[in-house]
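When we follow our numbering, the leftmost residue of the sequence shown carries the number -18, and every step to the right adds one.
No residue lacks a Cβ here, since even glycine has one placed at the ideal position from N, Cα and C.
Computed from a prediction, not measured in an experiment: that's the story for all the values here.
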Amino acid sequence: MTPAPPDASPDEQTTATPVIAIRGLYKAYGALEVIKGVDVTAMPGQVIALIGSSGSGKSTLLRCCNLLEDSQQGEIEFDGEPVRWRGTGAARQPGDRAQVARIRTNLSMVFQSFNLWSHMTVLQNVMEAPLTVLKQPRAEVEARARALLDKVGIGDKADVYPAQMSGGQQQRAAIARALCMEPRALLFDEPTSALDPELEQEVIRVIKALAGEGRTMLIVTHDMHLAADVADHVIFLHQGRIEEEGPPARVFGAPRSARLRQFLRVVEDVPEVEAATAESAGPRLTGPSAIDKKKRQSTTQQGDRP
Ligand SMILES: Nc1ncnc2c1ncn2[C@@H]1O[C@H](COP(=O)(O)OP(=O)(O)OP(=O)(O)O)[C@@H](O)[C@H]1O
Ligand SMILES: [Mg+2]
């Protein structure tokens, strides 16, 4: 069971309802089993980092979580409300469209490739979903959108088009857009992987600030510094299963499984954590997070649309 956030009082630890509770999730694409019985619990304010090799199922898990992908077995609860399914096995689908819409509205996703609408200004991008999906009044949405653009440090870019901005600015606009829906949780799929190291830092600062505000977040990342810095729980996925999970200091400082140790050997620039103090202390980071990071292609995956 995933622990409650470290600052939760004993009362909260026993009574709080998880924002997201996934139990026994199973997902296959045809004969290819991708998620093989995964449990993830995100308590309010908890930041969970999902790490693992390419193809281990991280993106698929996020996409099953916000119902962009159908899963064949297992339960997903959102704020205590179980997803209602119809059909079983390969034919299983969410059965209640209104519920799906409500859940998606409350789980804003930020993608590696930003996915801003190129024909809209930054401000229009941020305002679009609250106006069209939530049908909120324009003046209210605009005020919130401008405040969010200020918050992520691009208030002066409200009226430009995405193509006129750097990758880091575009990703911060995408985060502002996600926040403008006032979601219960944010799902990030490699939010910094398409960025050059300097631009990556701008985005990492924003994500850290959100973590500090007590936002509930699931973050898929190849950046172990980001995971160590912002997450209070790290999940290592291996071939569709949770191979190991725990607080970042332990996962990075004293990994138990041979596969996680192997993964951390292969990943460059792993945070340096004193193994002896790993159970209690926070991780001690050395160097900038993106040094020598393997650059990953910015690919737009199927379904990664705003
Ligand atoms: N739409 C799809 N159809 C068929 N197979 C898919 C599809 N999407 C993903 N897969 C397969 O599912 C497995 C898990 O993919 P997923 O994208 O979840 O991995 P990941 O851990 O996010 O990898 P990466 O770190 O490269 O992003 C892979 O073997 C992939 O080829
Ligand atoms: Mg992925």
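Quick one: give me the first and last residue of the beta strand (DSSP E) that residue i is part of.
i, result
"residue 8", "1 to 10"
"residue 303", "Absent from the structure is residue 303, since the part of the chain shown begins at -18 and ends at 287."
To which residues of the same chain is residue i closer than 6 angstroms at the C-beta, ignoring the five residues directly before and after it?
i, result
"residue 157", "107, 129, 130 and 133"
"residue 95", "151, 152 and 155"
Contact defined as beta carbons within less than 8 angstroms: I believe residue i pairs with residue j. What is the distance between those atoms, to the nearest angstrom?
i, j, result
"residue 199", "residue 43", "6 angstroms"
"residue 18", "residue 222", "7 angstroms"
"residue 211", "residue 227", "That belief does not hold up - the Cβ atoms of residue 211 and residue 227 are roughly 15 angstroms apart, past 8 angstroms."
"residue 155", "residue 112", "With a Cβ gap of about 17 angstroms, residue 155 and residue 112 do not count as contacting."
"residue 202", "residue 30", "6 angstroms"
"residue 33", "residue 219", "6 angstroms"
"residue 55", "residue 4", "6 angstroms"
Just how far apart, CA to CA, sit residue i and residue j?
i, j, result
"residue 169", "residue 153", "12 angstroms"
"residue 110", "residue 28", "24 angstroms"
"residue 151", "residue 139", "11 angstroms"
"residue 142", "residue 191", "25 angstroms"
"residue 247", "residue 60", "37 angstroms"
"residue 160", "residue 172", "14 angstroms"
"residue 80", "residue 253", "43 angstroms"
"residue 185", "residue 149", "10 angstroms"
"residue -3", "residue 63", "16 angstroms"
"residue 75", "residue 93", "26 angstroms"
"residue 213", "residue 234", "14 angstroms"
"residue 73", "residue 67", "6 angstroms"
"residue 164", "residue 26", "12 angstroms"
For residue i, which of helix, strand or coil comes out of DSSP?
i, result
"residue 63", "strand"
"residue 206", "helix"
"residue -3", "coil"
"residue 154", "helix"
"residue 184", "helix"
"residue 143", "helix"
"residue 162", "coil"
"residue 260", "Only weak support exists for where residue 260 lies, its pLDDT of 45 falling under 50; the coordinates are left without a value."
"residue 190", "helix"
"residue 40", "helix"
"residue 198", "strand"
Given residue i, which residues of its chain have a CB within under 7 angstroms of its CB, disregarding the five upstream and five downstream residues?
i, result
"residue 8", "15, 16, 41, 45, 50, 52 and 53"
"residue 85", "47 and 48"
Residues in its own chain within less than 8 angstroms of residue i by CB, not counting five upstream and five downstream?
i, result
"residue 123", "104 and 108"
"residue 1", "21, 22, 23, 46, 57, 58, 59, 88, 166, 197 and 199"
"residue 70", "53 and 54"
"residue 136", "127 and 130"
If you follow the alpha helix (DSSP H) that residue i is in, where does it begin and where does it stop?
i, result
"residue 233", "229 to 234"
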